[in-house]
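So the structure is just underneath, and the comments pick up after that.
Protein chains: 2
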Amino acid sequence: LITVRHLSKTYHMGDVEVHALRGVSLEIARGEFAAIMGASGSGKSTFMNIVGCLDVPSKGEYLLDGVDIGKLDRDQLAGIRNEKIGFVFQGFNLLSRTSALENVELPMFYKNVSNAYRRDHAMEALKIVGLEDRWHHLPNQLSGGQQQRVAIARALVNDPSIILADEPTGNLDSRTSVEVMDIFQQLNEKGITVVLVTHEPDIAEYTKRNIIFKDGKIRKDTHVERS
Amino acid sequence: LITVRHLSKTYHMGDVEVHALRGVSLEIARGEFAAIMGASGSGKSTFMNIVGCLDVPSKGEYLLDGVDIGKLDRDQLAGIRNEKIGFVFQGFNLLSRTSALENVELPMFYKNVSNAYRRDHAMEALKIVGLEDRWHHLPNQLSGGQQQRVAIARALVNDPSIILADEPTGNLDSRTSVEVMDIFQQLNEKGITVVLVTHEPDIAEYTKRNIIFKDGKIRKDTHVERS
Ligand SMILES: Nc1ncnc2c1ncn2[C@@H]1O[C@H](COP(=O)(O)OP(=O)(O)OP(=O)(O)O)[C@@H](O)[C@H]1O
Ligand SMILES: Nc1ncnc2c1ncn2[C@@H]1O[C@H](COP(=O)(O)OP(=O)(O)OP(=O)(O)O)[C@@H](O)[C@H]1O
Ligand SMILES: [Mg+2]
Ligand SMILES: [Mg+2]
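Structure representation (structure tokens):
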């Protein structure tokens, strides 16, 4: 489903170059449940942004479902982002002047659906993360963990086939983390491919594959057998 | 040092009321090292914002070093915030259009010091968190964990007597988390009072007191004996 070959990303800042990714190659099959781990600054978010079609590599190839992403134009990329991929950002990236409900509805505005459908579907997603009675709150009227859950609900609302989640439990207490991981596990059991970045081994335990990044490369890639 | 009595905070949103804090009373002595834990939405950040003089309670008292904070005017509050307290925000709260160095320098602009002193002192703080060669980067040119470390450096730069840190390791891998907790431990050994919010038991292990919040109240308060 996801194939990357020699993926590299260099940021240029004046005369300084930051080599965020230095040749990453791997394949993630449909229906996998993988955790990406690694030190701060090792390239995890940069990798996720490229796989999520939010950024382009400096070198290398990325094929999604056999399609060469590097050959697509902006509209085609936006289409894939909205149809196939649900993305939970490390910093949540909620719109600060709109309610939790409107934030969750946002990915559905590209679809040809009624307002009622959009609202009901968004409320469903908020219910899944336990926030339906906060639908009218603005992000700054929500706790850190509540904002993170709104970001998770938004990633689920278009029924994506791939979920990319960058530190989805970083602001959640253990009980809410378990609830969120149960959600991801249930989605994975329905066939959805889930890739999440985490630095917590307890969270990685839920997954069946651990990919470790170090200095912009893959250091270790372990498939875990679970009974 | 920190005394709160019957601290309450209610948010009014139209005709809905959110009782974020429902009568919190406790004392934190000078030089303590405490962890605040509790479920998402249980009132931890609200409590920290009041103790950090960033917000006012709806009811109750807050005495800092014997001074009734409720009786101070805005300038006096700002003075205390800048002189006595170093605050690490759950969402980092970095200025997006200024460099890491300038973000760390910010608390020193209220002081009557030279530009050179300010810059050198800020570089020192960045060095402590391992980011001195990123001083010129903007926040969106830094990874999540790097942004968190800039927020930590900013909290240290005015040599505060109290550090309040809201989820300071939420975006950090285990090695960087250990480095940050070592920093807090060293500061505490020098006599600085450290109160941090965390949902990770491994982080709470570094502290000598665990305060558990539930539904806007203190559920449990345990002093830990360490050999
Ligand atoms: N400005 C606000 N307006 C309305 N409600 C708010 C506001 N800020 C916080 N709240 C609500 O107050 C309650 C406590 O929030 P708080 O941020 O203190 O929780 P928390 O314990 O820090 O949670 P987390 O672990 O998720 O960060 C939550 O229900 C939250 O939605
Ligand atoms: N827009 C940018 N411009 C310049 N450098 C960048 C930019 N974005 C990221 N970087 C740098 O690229 C490297 C990798 O960043 P990335 O965000 O992928 O790390 P990460 O593994 O997600 O870290 P964390 O665990 O701290 O979130 C870091 O050194 C970071 O400073
Ligand atoms: Mg990251
Ligand atoms: Mg909080």
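Residue numbers (our numbering), protein chains in the order written: chain B, 1 to 227; chain S, 1001 to 1227. Where a beta carbon is used, it is the ideal one built from N, C-alpha and C, also for glycine. Note that the coordinates shown come from a computational prediction; the quantities given were computed from them, not determined experimentally.
So the alpha helix (DSSP H) residue i belongs to, where does it begin and stop?
{"i": "S:S1177", "result": "S1174 to E1189"}
{"i": "S:R1206", "result": "As written in the sequence, residue 1206 of chain S is Tyr, which differs from the Arg given in the question. Segment: none, S:Y1206 is in no alpha helix (DSSP H) and carries neither H nor E."}
{"i": "S:D1120", "result": "N1115 to I1128"}
{"i": "B:L77", "result": "R74 to K84"}
{"i": "B:S25", "result": "Element bounds for B:S25: not the alpha helix (DSSP H) but the beta strand (DSSP E), V16 to I28."}
{"i": "S:T1046", "result": "K1044 to V1051"}
{"i": "B:E102", "result": "A100 to E105"}
Sorted by chain position, which residues of the same chain lie with C-beta nearer than 6 angstroms to residue i's C-beta, five sequence neighbours on each side aside?
{"i": "S:N1171", "result": "G1144, G1145 and Q1148"}
{"i": "S:V1018", "result": "Y1011"}
{"i": "S:F1033", "result": "N1188, V1194, T1207 and K1208"}
{"i": "S:L1142", "result": "none"}
{"i": "S:A1097", "result": "A small fix is needed here, since residue 1097 of chain S is Arg in this sequence, not Ala. Once the five neighbours on either side are set aside, S:R1097 has no close Cβ partner at all."}
{"i": "B:E135", "result": "Note that residue 135 of chain B is Trp in the sequence shown, not Glu. Around B:W135: A100, L101 and L126."}
Leaving out the 5 sequence neighbours to the left and right, which residues in its chain are closer than 7 angstroms to residue i when beta-carbon positions are compared?
{"i": "S:H1199", "result": "M1037"}
{"i": "S:L1156", "result": "G1086, A1125 and I1128"}
{"i": "S:G1191", "result": "G1031"}
{"i": "S:F1089", "result": "A1151 and D1166"}
Can you tell me where the beta strand (DSSP E) holding residue i begins and where it ends?
{"i": "S:I1002", "result": "I1002 to M1013"}
{"i": "B:A155", "result": "No beta strand (DSSP E) holds B:A155; the alpha helix (DSSP H) holding it covers G144 to L156."}
{"i": "B:D221", "result": "K217 to H223"}
{"i": "S:M1037", "result": "F1033 to G1038"}
{"i": "S:T1169", "result": "Segment: none, S:T1169 is in no beta strand (DSSP E) and carries neither H nor E."}
{"i": "S:Y1062", "result": "K1059 to L1064"}
{"i": "S:L1095", "result": "Per DSSP, S:L1095 belongs to no beta strand (DSSP E) and is neither H nor E."}
{"i": "B:T193", "result": "T193 to V197"}
In chain order, what residues of the same chain have a beta carbon less than 8 angstroms from the beta carbon of residue i, not counting five sequence neighbours either side?
{"i": "B:H6", "result": "G23, V24, S25, K59, G60 and E61"}
{"i": "B:G52", "result": "R81, I85, F87 and L164"}
{"i": "B:E83", "result": "N158 and P160"}
{"i": "B:F92", "result": "P139, Q147, Q148, V150 and A151"}
{"i": "S:A1020", "result": "K1009, T1010, Y1011, G1043, T1046 and G1216"}
Assign residue i to one of two classes, buried (16 or more other C-beta atoms within 10 Å of its C-beta) or exposed (fewer than that).
{"i": "B:R30", "result": "exposed"}
{"i": "B:E225", "result": "exposed"}
{"i": "B:G14", "result": "exposed"}
{"i": "S:R1154", "result": "buried"}
{"i": "S:P1139", "result": "buried"}
{"i": "S:K1220", "result": "exposed"}
{"i": "B:H137", "result": "buried"}
{"i": "S:H1121", "result": "buried"}
{"i": "S:K1071", "result": "exposed"}
{"i": "B:S99", "result": "buried"}
{"i": "S:K1009", "result": "buried"}
Residues of chain C with CB under 8 angstroms from residue i, in chain order?
{"i": "B:Q186", "result": "Checking the listed chains, one finds no chain C in this structure; the protein chains it contains are B and S."}
Using Cβ-Cβ distances below 7 angstroms, what residues of the region 198-220 of chain B are close to chain S? Under the 7 angstroms Cβ criterion, the region 198-220 of chain B contributes H199.
Which residues, in order along the region 1164-1175 of chain S, keep a beta-carbon less than 7 angstroms from a beta-carbon of chain B? Here the close residues are E1167, G1170, N1171, L1172, D1173, S1174 and R1175.
Chain B contacts made by the region 1081-1095 of chain S, where a contact means CB separation under 7 angstroms: The residues in question are Q1090 and G1091.
Under 8 angstroms, CB to CB, which of the residues in the region 56-80 of chain B have a partner in chain S? Taking 8 angstroms as the Cβ-Cβ cut-off against chain S, none of the residues of the region 56-80 of chain B qualify.
Should the region 179-199 of chain B be called in touch with the region 98-106 of chain B, which here means at least 3 C-beta pairs below 8 angstroms? Contact between the region 179-199 of chain B and the region 98-106 of chain B is absent, because fewer than three Cβ pairs lie under 8 angstroms.
Can you pull out the residues from the region 15-45 of chain B whose beta carbon lies closer than 9 angstroms to at least one beta carbon of chain S? Under the 9 angstroms Cβ criterion, the region 15-45 of chain B contributes V16, V18, A20, M37, G38, A39, S40, G41, S42, G43, K44 and S45.
How do the region 1034-1049 of chain S and the region 1206-1225 of chain S stand: do at least 3 beta-carbon pairs fall below 8 angstroms, yes or no? Taking a cut-off of 8 angstroms on C-beta distances, the region 1034-1049 of chain S touches the region 1206-1225 of chain S, as three or more cross pairs fall below it.
Give me the subset of the region 1143-1157 of chain S whose CB atoms are less than 7 angstroms from a CB atom of chain B, sorted by chain position. Residues passing the 7 angstroms Cβ filter: S1143, G1144, G1145 and Q1146.
Using a beta-carbon distance cut-off of less than 9 angstroms, what residues from the region 1004-1015 of chain S approach chain B? Near chain B, meaning a CB-to-CB distance below 9 angstroms, the residues of the region 1004-1015 of chain S are Y1011, M1013 and G1014.
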